[in-house]
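Reviewing the structure listed below.
Number of protein chains: 2
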Amino acid sequence: MHRRTFLSLTPAIAAFAQGRPNLTELYGSAAARLIAAAQADDGGWKKMMYLCDRIGNRLAGSSSLNRAVEWSAAEMKREGLQNVKTPLVKVPHWVRGEESAWMVEPLESKIVMLGLGGSVATPPEGITAEVVVVSTFEELEQLGAEKVRGKIVLYNEAWQGYGRSVAYRAAGASRAAKLGAVAALVRSVTPVSLRSPHTGQMIYTEGVEKIPTAAVTIEDALRMHRLYQQGVKIRVRLKMEAKTLADADSANIIGEIPGREKPEEIVVMGGHIDSWDVGQGAQDDGSGCVACWQAIMLAHQLGLKPRRTLRVCLWTNEENGTRGGQAYREWAGATVKNHVAAVEMDGGAEKPAGFGLSIQGASEEVMVRAMERMQQIGALLKPVGADNMIRGGGGADIGPIMRDGVPGIAHRSSGQRYFEWHHTDADTLDKIDPQEFRQNIAALAVVGYVLADMPEKLTD
Amino acid sequence: MHRRTFLSLTPAIAAFAQGRPNLTELYGSAAARLIAAAQADDGGWKKMMYLCDRIGNRLAGSSSLNRAVEWSAAEMKREGLQNVKTPLVKVPHWVRGEESAWMVEPLESKIVMLGLGGSVATPPEGITAEVVVVSTFEELEQLGAEKVRGKIVLYNEAWQGYGRSVAYRAAGASRAAKLGAVAALVRSVTPVSLRSPHTGQMIYTEGVEKIPTAAVTIEDALRMHRLYQQGVKIRVRLKMEAKTLADADSANIIGEIPGREKPEEIVVMGGHIDSWDVGQGAQDDGSGCVACWQAIMLAHQLGLKPRRTLRVCLWTNEENGTRGGQAYREWAGATVKNHVAAVEMDGGAEKPAGFGLSIQGASEEVMVRAMERMQQIGALLKPVGADNMIRGGGGADIGPIMRDGVPGIAHRSSGQRYFEWHHTDADTLDKIDPQEFRQNIAALAVVGYVLADMPEKLTD
Ligand SMILES: [Zn+2]
Ligand SMILES: [Zn+2]
Numbered sequence: 001m002h003r004r005t006f007l008s009l010t011p012a013i014a015a016f017a018q019g020r021p022n023l024t025e026l027y028g029s030a031a032a033r034l035i036a037a038a039q040a041d042d043g044g045w046k047k048m049m050y051l052c053d054r055i056g057n058r059l060a061g062s063s064s065l066n067r068a069v070e071w072s073a074a075e076m077k078r079e080g081l082q083n084v085k086t087p088l089v090k091v092p093h094w095v096r097g098e099e100s101a102w103m104v105e106p107l108e109s110k111i112v113m114l115g116l117g118g119s120v121a122t123p124p125e126g127i128t129a130e131v132v133v134v135s136t137f138e139e140l141e142q143l144g145a146e147k148v149r150g151k152i153v154l155y156n157e158a159w160q161g162y163g164r165s166v167a168y169r170a171a172g173a174s175r176a177a178k179l180g181a182v183a184a185l186v187r188s189v190t191p192v193s194l195r196s197p198h199t200g201q202m203i204y205t206e207g208v209e210k211i212p213t214a215a216v217t218i219e220d221a222l223r224m225h226r227l228y229q230q231g232v233k234i235r236v237r238l239k240m241e242a243k244t245l246a247d248a249d250s251a252n253i254i255g256e257i258p259g260r261e262k263p264e265e266i267v268v269m270g271g272h273i274d275s276w277d278v279g280q281g282a283q284d285d286g287s288g289c290v291a292c293w294q295a296i297m298l299a300h301q302l303g304l305k306p307r308r309t310l311r312v313c314l315w316t317n318e319e320n321g322t323r324g325g326q327a328y329r330e331w332a333g334a335t336v337k338n339h340v341a342a343v344e345m346d347g348g349a350e351k352p353a354g355f356g357l358s359i360q361g362a363s364e365e366v367m368v369r370a371m372e373r374m375q376q377i378g379a380l381l382k383p384v385g386a387d388n389m390i391r392g393g394g395g396a397d398i399g400p401i402m403r404d405g406v407p408g409i410a411h412r413s414s415g416q417r418y419f420e421w422h423h424t425d426a427d428t429l430d431k432i433d434p435q436e437f438r439q440n441i442a443a444l445a446v447v448g449y450v451l452a453d454m455p456e457k458l459t460d
Numbered sequence: 001m002h003r004r005t006f007l008s009l010t011p012a013i014a015a016f017a018q019g020r021p022n023l024t025e026l027y028g029s030a031a032a033r034l035i036a037a038a039q040a041d042d043g044g045w046k047k048m049m050y051l052c053d054r055i056g057n058r059l060a061g062s063s064s065l066n067r068a069v070e071w072s073a074a075e076m077k078r079e080g081l082q083n084v085k086t087p088l089v090k091v092p093h094w095v096r097g098e099e100s101a102w103m104v105e106p107l108e109s110k111i112v113m114l115g116l117g118g119s120v121a122t123p124p125e126g127i128t129a130e131v132v133v134v135s136t137f138e139e140l141e142q143l144g145a146e147k148v149r150g151k152i153v154l155y156n157e158a159w160q161g162y163g164r165s166v167a168y169r170a171a172g173a174s175r176a177a178k179l180g181a182v183a184a185l186v187r188s189v190t191p192v193s194l195r196s197p198h199t200g201q202m203i204y205t206e207g208v209e210k211i212p213t214a215a216v217t218i219e220d221a222l223r224m225h226r227l228y229q230q231g232v233k234i235r236v237r238l239k240m241e242a243k244t245l246a247d248a249d250s251a252n253i254i255g256e257i258p259g260r261e262k263p264e265e266i267v268v269m270g271g272h273i274d275s276w277d278v279g280q281g282a283q284d285d286g287s288g289c290v291a292c293w294q295a296i297m298l299a300h301q302l303g304l305k306p307r308r309t310l311r312v313c314l315w316t317n318e319e320n321g322t323r324g325g326q327a328y329r330e331w332a333g334a335t336v337k338n339h340v341a342a343v344e345m346d347g348g349a350e351k352p353a354g355f356g357l358s359i360q361g362a363s364e365e366v367m368v369r370a371m372e373r374m375q376q377i378g379a380l381l382k383p384v385g386a387d388n389m390i391r392g393g394g395g396a397d398i399g400p401i402m403r404d405g406v407p408g409i410a411h412r413s414s415g416q417r418y419f420e421w422h423h424t425d426a427d428t429l430d431k432i433d434p435q436e437f438r439q440n441i442a443a444l445a446v447v448g449y450v451l452a453d454m455p456e457k458l459t460d
């Protein structure tokens with residue numbers, strides 16, 4: 001549409017009426033250049049290939065995470081980003097070791113599993129015990145200590161969406177241990193399975209006996225539930241060598257395009273460089289790291305030097321500690337108040353949908369104004385389908401600085417299949433469509449550049 | 001549509017015009033009873049639960065296959081089928097043993113694999129060699145012996161449908177060995193993967209060096225192909241203990257409803273009771289065995305005693321030898337000529353589509369007549385959506401008797417996802433929808449009963 005009529009009152013006119021520049025008009029040309037550059041870009045995909053195929057998965061404390069830190073910092077320098085830094089972050093060091101689960105009764109057979117991050121080990125000979133199967137915590141409580149004591153508890157909750165189902169992974173072990181269980185198995189948190197176990201972090205409740213805990217596949221959970229419902233006695237042998245070593249050295253990786261007018265003001269964008277110790281950490285969250293990084297590189301390559309500093313941060317240890325996000329807050333110190341926005345991408349690089357904004361402590365008036373500006377930026381993202389701007393954003397890594405009032409923006413993916421791959425051996429580069437990946441880079445490039453360059457701040 | 005006009009000349013009228021009874025009309029009532037019984041049936045599902053959860057997968061030579069033979073024969077007797085027999089079949093006895101593949105260069109990392117049935121072992125220390133990656137046999141030939149000698153060949157052919165892609169699994173090892181390769185890896189034959197390896201039978205060409213061979217996942221095949229295309233040296237260590245022992249004892253399992261008028265004439269229906277040594281052999285082919293068996297049980301339970309003998313046969317060793325089908329032919333001896341039809345189900349129990357017919361050596365006139373009768377039977381299957389009757393049928397297990405001219409009928413499934421699960425650890429009971437399973441039983445019950453009871457034969 002090129003024609004404009006009085007009736008189609010555009011944000012531009014509305015803003016003009018209030019005496020503020022309209023971002024859609026102001027940045028139409030820059031956005032078009034960034035989007036075109038993103039769509040022709042191969043640098044992002046080459047980085048993904050290197051990170052996935054040459055470095056691989058990157059659990060906190062692993063040598064591969066260290067290599068990812070070194071490689072990304074060196075690349076940022078080589079590519080001309082400024083003030084490249086890798087401030088030290090002490091991270092938890094959990095090591096999976098050998099592990100297995102085996103049904104010994106009623107049918108000698110393999111159970112496909114992945115230990116949960118943070119779990120303790122079993123004794124070397126394993127734990128062999130009868131299994132009780134429940135669908136929910138309520139069912140567990142109904143069984144009570146008498147029926148749970150000495151048993152392995154299997155939670156077979158059907159997928160209810162990540163936010164709800166993950167409760168069993170996180171808290172299942174301690175809830176079972178309170179009733180005397182000797183181990184806990186959790187149905188993998190996923191809608192789809194090809195005998196696919198999904199790992200993830202678990203958290204022991206203080207003061208409760210720590211029992212070993214692992215995810216099993218949907219298939220194995222259903223199999224055991226069928227047997228249990230028929231009154232068939234099930235016994236399983238669980239062996240896990242998992243251990244938590246002393247905290248290891250890791251780092252956030254930071255690079256910048258310094259602002260041309262207000263270098264002290266900062267827009268930070270990034271994902272988390274660590275991953276689970278399975279697959280390649282491709283969607284989660286290699287894609288977020290590289291898309292944010294490459295978005296800034298495109299501005300750099302086009303010579304678009306924004307008013308404020310545009311910073312990429314690859315946070316470490318999101319998966320099992322979020323120490324990278326906390327360390328960033330500490331490292332930033334008094335400069336936190338200079339962060340005009342923080343953008344996090346950690347939902348995968350499927351087709352982009354848009355962005356979500358939260359500002360902790362902001363008045364409704366500030367939110368309305370900020371969302372109006374977000375919509376103006378969103379209008380620039382229509383060519384890549386990322387124009388749906390909503391209230392509600394943030395992320396694990398930007399959470400600590402958002403608590404200081406920094407506006408937090410979540411990159412939003414269409415997320416069609418993300419949780420099928422999440423925290424599994426199947427989170428590999430082939431799950432990312434190169435064209436969709438470029439659309440994400442384009443969207444982030446425009447959002448980052450406009451936020452860093454716009455005359456006023458989101459909250460002004 | 002209830003109205004009939006002269007223009008919509010129905011099969012009934014057409015048949016009447018030729019003085020032959022119309023099967024749609026003749027068996028409308030029996031079909032309705034069988035379909036209603038199938039839709040209310042739990043016996044088939046209980047058999048599937050026992051076979052999958054209590055017996056598990058059933059490779060030729062395994063103790064679990066022996067248990068499946070014993071259990072199914074005992075159940076058939078207990079349920080009142082007649083002439084229950086388990087004639088001995090000598091079957092190949094291939095044992096997988098421990099196996100692994102590990103990338104040692106450029107990145108120490110696991111390669112997810114399954115050895116192919118029939119493969120020889122590696123030396124105990126494994127074979128460690130450089131990998132060459134090709135998409136097709138043509139590319140392999142272009143590389144030639146100079147570039148292939150001493151290497152591990154990886155075939156990364158994109159899914160082209162099972163019939164075409166399976167050629168690399170079957171013949172890849174010997175094609176590579178001819179050029180001096182030391183091992184062969186094949187991309188799993190599947191359209192979809194969550195790091196899912198698919199096993200299956202391979203065949204060595206006589207006179208060519210036998211080299212070990214395994215399927216790798218799509219993910220690992222693509223990863224290695226990406227590295228190879230960048231000129232990165234890849235080295236892999238393959239370890240396989242696979243061995244072929246002396247032939248083992250197995251059996252076909254046979255049960256009958258003897259014919260009330262022509263007991264010497266036989267309709268045989270079945271699937272294969274063996275499976276690969278992964279998953280539960282649920283879709284492939286527990287579903288075919290139990291659906292055919294339960295179809296006959298429904299006729300038995302309703303007191304529908306057909307004119308001819310209605311026989312279920314659960315063939316052994318379809319997967320890696322087809323010895324069950326061959327043994328059935330030998331066991332039948334002169335009675336082969338009394339088989340009026342053979343029905344095989346071996347494509348999974350997704351939503352049924354219909355049936356396909358082949359009669360080797362039949363004239364076009366005979367085929368036209370037979371297909372007309374198949375269409376009349378098909379009309380009875382509309383309530384379960386299995387009414388699409390086509391030319392072209394058969395199956396691995398009924399192949400030997402089809403070569404004697406026995407009409408061969410293939411059960412046809414919609415097959416939406418079959419090859420995602422085929423020959424993997426994910427071929428488990430949960431992949432079968434109980435309601436779709438009942439529709440398959442219904443379709444087989446009607447087809448089997450009508451074929452066994454119809455006044456004339458398909459070919460008359
Ligand atoms: Zn993540
Ligand atoms: Zn089969």
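Top line first, the protein sequences correspond to chains A and B.
Everything in the first sequence is counted per full-length UniProt numbering, starting at 1 for the first residue and increasing by one.
Everything in the second sequence is counted per full-length UniProt numbering, starting at 1 for the first residue and increasing by one.
Every residue, glycine too, gets a C-beta built ideally from N, C-alpha and C.
D42/B in three-state terms, based on DSSP: Sequence index remark: in the second sequence, residue 42/B carries index 42 (1-based). DSSP places D42/B in coil when its eight states are reduced to three.
Whole-angstrom distance between G321/B and W331/B, CA atom to CA atom: Working through the second sequence from its first residue, we reach residue 331/B at position 331. Working through the second sequence from its first residue, we reach residue 321/B at position 321. Distance between the alpha carbons of W331/B and G321/B is about 17 Å.
For G270/A, the first and last residue of its enclosing beta strand (DSSP E): Position 270 of the first sequence holds residue 270/A. Residues 262-270.
Chain A residues whose Cβ lies nearer than 9 Å to that of D425/B: Working through the second sequence from its first residue, we reach residue 425/B at position 425. The contacting residues are K110, V112, L194, R195, T217, E219.
Stretch-stretch touch, CB-based, cutoff 8 Å, three pairs: the segment 289-307 of chain B with the segment 37-45 of chain B: yes
Beta carbon proximity, P434/A to chain B, threshold 8 Å: On the first sequence, position 434 is the one that residue 434/A refers to. Not an interface residue.
Whether A362/A touches L451/A by CB criterion (8 Å): What you label residue 362/A is simply residue 362 of the first sequence in a count that begins at 1. What you label residue 451/A is simply residue 451 of the first sequence in a count that begins at 1. Against a cut-off of 8 Å, the Cβ pair of L451/A and A362/A comes out as no contact.
Any heavy atom of ligand 1 nearer than 6 Å to the CB - residues listed: H272/A, D284/A, D285/A, E318/A, D346/A
Local conformation of P383/A per DSSP, three classes: Against the first sequence, residue 383/A aligns to sequence position 383. P383/A falls in the helix class under three-state DSSP.
Neighbour flag for M345/A against chain B, beta carbons, 8 Å: Position 345 of the first sequence, counting from 1, holds the residue named residue 345/A. Output row for M345/A: interface = no.
Close Cβ partners of V366/A (< 8 Å) along its chain, the five nearest in sequence each way excluded: Looking up residue 366/A in the first sequence gives position 366. The answer, listed in chain order, is I359, T459.
Own chain, CB closer than 8 Å to V104/A, minus 5 neighbours either side, in chain order: Against the first sequence, residue 104/A aligns to sequence position 104. Answer for V104/A: T128, R235, V236, R237, listed in chain order.
Nearest to E125/A (by Cα), restricted to the options E420/A, E98/A, R323/A, K47/A: Along the first sequence, read from residue 1 onward, the residue named residue 125/A stands at position 125. Considering only alpha carbons, the answer is E98/A.
Residue-level contact to chain B via CB, M49/A, 8 Å cutoff: The residue given as residue 49/A occupies position 49 in the first sequence. Cβ-Cβ to chain B under 8 Å: yes for M49/A.
Completely contained alpha helix (DSSP H) runs for the segment 408-434 of chain B, where each covers 4 or more residues: 418-421
Run of the alpha helix (DSSP H) containing N320/A, from where it starts to where it stops: Numbered from its first residue, the first sequence carries residue 320/A at position 320. Unbroken run through N320/A: none, as it is neither H nor E.
R58/A: first and last residue of the uninterrupted beta strand (DSSP E) it sits in: Within the first sequence, numbered from 1, the residue matching residue 58/A stands at position 58. First-last for R58/A: undefined, no H or E at that position.
Nearest-angstrom beta carbon gap, I254/A and C292/A [assumed within contact, 8 Å]: Translated into positions along the first sequence, residue 292/A becomes position 292. Translated into positions along the first sequence, residue 254/A becomes position 254. With 8 Å as the limit, C292/A and I254/A do not qualify as a contact, their Cβ atoms being about 12 Å apart.
Top-ranked residue by Cα proximity to P92/A, from L179/A, I55/A, Q376/A, A60/A: For the purposes of this step, residue 92/A is taken as the residue at position 92 of the first sequence. Nearest C-alpha to P92/A: A60/A.
Other residues of its chain near A145/B: CB distance less than 6 Å, five sequence neighbours each side excluded: Here residue 145/B refers to the residue found at position 145 when the second sequence is read from its first residue. Taken in chain order, the residues that qualify are L179, G180.
Assigned secondary structure, M103/B (DSSP; H/G/I helix, E/B strand, else coil): On the second sequence, position 103 is the one that residue 103/B refers to. Here M103/B sits in strand by DSSP.
Within chain B, the residues that residue 462/A reaches when beta carbons sit closer than 9 Å: Since the first residue of chain A shown is 1 and the last is 460, residue 462/A is not available in this structure.
Distance, I432/A Cα to S72/A Cα: Residue numbering aside, residue 72/A sits at position 72 when the first sequence is read from its first letter. Residue numbering aside, residue 432/A sits at position 432 when the first sequence is read from its first letter. Those two C-alpha atoms are separated by around 20 Å.
Beta-carbon proximity of V216/B to A121/B, cut-off 8 Å: Walking along the second sequence from the start, residue 216/B turns up at place 216. Walking along the second sequence from the start, residue 121/B turns up at place 121. Cβ atoms of V216/B and A121/B: not closer than 8 Å.
Coarse secondary structure for S64/A, derived from DSSP in three states: The count along the first sequence starts at 1 and reaches residue 64/A at position 64. Residue state, collapsed to three classes: helix.
Neighbour flag for R323/B against chain A, beta carbons, 8 Å: The residue you call residue 323/B lines up with position 323 of the second sequence. R323/B does not count as touching chain A.
Sufficient close CB pairs (3 or more, under 8 Å) joining the segment 45-53 of chain A to the segment 217-229 of chain B: yes
Test: G231/A CB closer than 8 Å to a CB of chain B: As a working mapping, residue 231/A is identified with position 231 in the first sequence. G231/A does not count as touching chain B.
Contact check, A171/A vs I203/A, beta carbons under 8 Å: Numbered from its first residue, the first sequence carries residue 171/A at position 171. Numbered from its first residue, the first sequence carries residue 203/A at position 203. Contact flag set, yes.
Whole-Å CB distance - V189/B paired with V166/B, under 8 Å assumed: Within the second sequence, the letter at position 189 stands for residue 189/B. Within the second sequence, the letter at position 166 stands for residue 166/B. Rounded, the Cβ-Cβ distance is 5 Å, consistent with contact.
Reference W421/A; option with closest CA among E350/A, R96/A, M297/A: Position 421 of the first sequence, counted from the first residue, corresponds to residue 421/A. Minimum Cα-Cα distance from W421/A among the listed residues E350/A, R96/A, M297/A corresponds to E350/A.
Residue(s) in a DSSP beta bridge with N388/A: Position 388 of the first sequence, counted from the first residue, corresponds to residue 388/A. For N388/A, which the question treats as bridged, DSSP gives the partners G354/A.
Short Cβ contact (8 Å threshold) for R307/A with E261/A: Walking along the first sequence from the start, residue 307/A turns up at place 307. Walking along the first sequence from the start, residue 261/A turns up at place 261. Yes.
Residue(s) in a DSSP beta bridge with T213/A: Numbered from its first residue, the first sequence carries residue 213/A at position 213. T213/A pairs with A184/A.
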